[in-house]
Amino acid sequence: MGENAWAYVSGGAADELTLAENRAAFIRLKLNQGVLADMEGASTGLELFGQQLAHPVLVAPTAFHRLLHPEGEIATATGASAMQAGMVVSAQASLPLEAIAARATPRPWFQLYIQPDRDFTWSLARRAEEAGYAAIVVTVDAPVSLRNREQRAGFRLPPGVEAVNLRGAGAQPGGDAVFGGLLQGMASWADIGALRQRTRLPLLLKGITTPADARRALEAGADGLVVSNHGGRVLDGQPASIEVLPAVAQAVAGRVPLLLDGGIRRGTDVLKALALGARAVMVGRPVLYGLALAGATGVAHVLKLLRTELEVAMAQTGCPRLDSITPDILWQPGNGQ
Ligand code: FNR
């Protein structure tokens, strides 16, 4: 990919402290080996919101895939489907959401931003429902961010690449005046309740990082949460998503499934996230790198590596099923030695 696209995809907010922390925190976590476990009939399968999934690695919602490959989200859906991976399609996809859904198995999920025009927002959710999406993921972290690496690179979308599903939604964030400008029409908790009334699909909130927000999300009717700091692209200075997961899991106490994203680069990272309370994980940038390099084949390859690494890590830690993955597989000085 060109330097502009590289700055957009690989960068994070401000000094990229949180971006780095998402990796550093996984590196700090250490694993205990578990030998001679009975791995007969081992499986990575799970059920999530009534869907049977072959493994717990989903494609995170990311914008503008045609920036990286001419076949855009169709290539991503094709590659993900080849690996039986769930895919969350971004509200800022560069191809019509119906065309992407037609190429995706298992049934994909749709990521929504609450638009200043609420009627447009509800109609987009309805469109996703009619197109066969299996869940709605509302991204709730603030729609404003300052990504200096991207600014320095002078990033602009090339002509012909746009958020086609948001045509008619009115002005999108991107200006300079924050208070009184970008934040006009910003989403609030009341909007989550309103959306809950308007869709039959499972509703997840993405961008939850604190126990207080997690409890509030459940009160608002969320069916699932994605613990995420948006890959370090929004509030710089937040802890790693994996570091806040245990406290969020404790607050939620198993009432709804938790997903985690941010810094998942190896099968052992998937294992660590599941050990700390996630039911599944999502992967952002690695999928985009695969897409840029080799289209659908590249996406499939990235997901295949992660899936294989997860299976190997489960065998090495003595976990035949996802529900055998407990905090006991994490090494602590003085325990599990
Ligand atoms: C994103 N992410 C994102 N999230 C979202 O809800 N809607 C979106 O349109 C986008 N767009 C987007 C573009 C790019 C280029 C990136 C890198 C990320 C965030 C994404 O869903 C996810 O939270 C992170 O990418 C996870 O971190 P990793 O796996 O990239 O470390």
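Residue 173 in full-length UniProt numbering sits at position 173 of the sequence shown, with consecutive numbering throughout.
Glycine is no exception: its CB is placed at the ideal position from the N, C-alpha and C atoms.
In this text, all values refer to a predicted model and were calculated from it rather than measured experimentally.
Would you say the beta carbon of Tyr8 is closer than 7 angstroms to some non-hydrogen atom of the ligand FNR? yes
Please state whether DSSP places Gln51 in a helix, a strand or coil. strand
Gly175: buried (16+ other C-beta within 10 angstroms of its C-beta) or exposed? Below a pLDDT of 50, predicted positions are generally treated as unreliable, and Gly175, at 47, falls in that range; no measurement from the model is reported.
Continuous beta strand (DSSP E) stretch holding Phe110: start and end: Trp109 to Leu112
At what residue ranges does the stretch 147-209 contain a whole run of the beta strand (DSSP E), taking only runs of 3 or more? 203-208
Please classify Gly284 as buried or exposed, where buried requires at least 16 neighbouring CB atoms within 10 angstroms. buried
Close-in-space but distant-in-sequence residues of the same chain around Pro257 (CB under 7 angstroms, 5 per side omitted): Leu48, Gly224 and Arg279
Buried or exposed: where does Thr76 fall if 16 or more other Cβ atoms within 10 Å of its Cβ makes it buried? buried
Start and end residues, alpha helix (DSSP H) containing Ile74: Gly72 to Ala82
Keeping to the same chain, check which residues put their C-beta closer than 8 angstroms to that of Val226; ignore five residues upstream and five downstream. Val137, Leu204, Leu205, Lys206, Gly207, Ile208, Leu258, Leu259, Leu260, Asp261 and Met282
Run the proximity test for Thr139: is its beta-carbon closer than 7 angstroms to any non-hydrogen atom belonging to the ligand FNR? yes
Assign Leu235 to one of three DSSP states: helix, strand, or coil. coil
When you compare only the Cα positions, how much space is there between Ala54 and Pro286? 20 angstroms
Beta carbon of Arg78, beta carbon of Ala296: below 8 angstroms? Checking the displayed sequence, the identity of residue 78 turns out to be Thr instead of Arg. For Thr78 and Ala296, yes; Cβs fall inside 8 angstroms.
My assumption, with CB atoms under 8 angstroms, is that Arg307 sits in contact with Ala42. Please give the rounded CB distance. Contact flag wrong, Cβ pair sits at about 13 angstroms.
Bridge-paired residues (DSSP) for Gln115: Paired residues: none, contrary to the question.
Got a sec? Which residues, its chain only, sit under 6 angstroms from Ala5 by beta carbon, not counting five neighbours each side? Leu67
Are the CB atoms of Ala273 and Leu310 within a distance shorter than 8 angstroms? no
Backbone CA spacing between Ala82 and Gly334 [nearest angstrom]: 43 angstroms
Alpha-carbon spacing of Arg118 relative to Val35, whole angstroms: 55 angstroms
Is Lys206 near the ligand FNR, in the sense that its beta carbon is under 7 angstroms from a heavy atom of that ligand? yes
State buried or exposed for Ala212, treating a residue as buried only when at least 16 other CB atoms are found within 10 Å of its CB. exposed
Three or more C-beta pairs below 8 angstroms linking the stretch 128-136 and the stretch 189-202: yes
Spatial distance of Glu73 from Val144 (CA atoms): 24 angstroms
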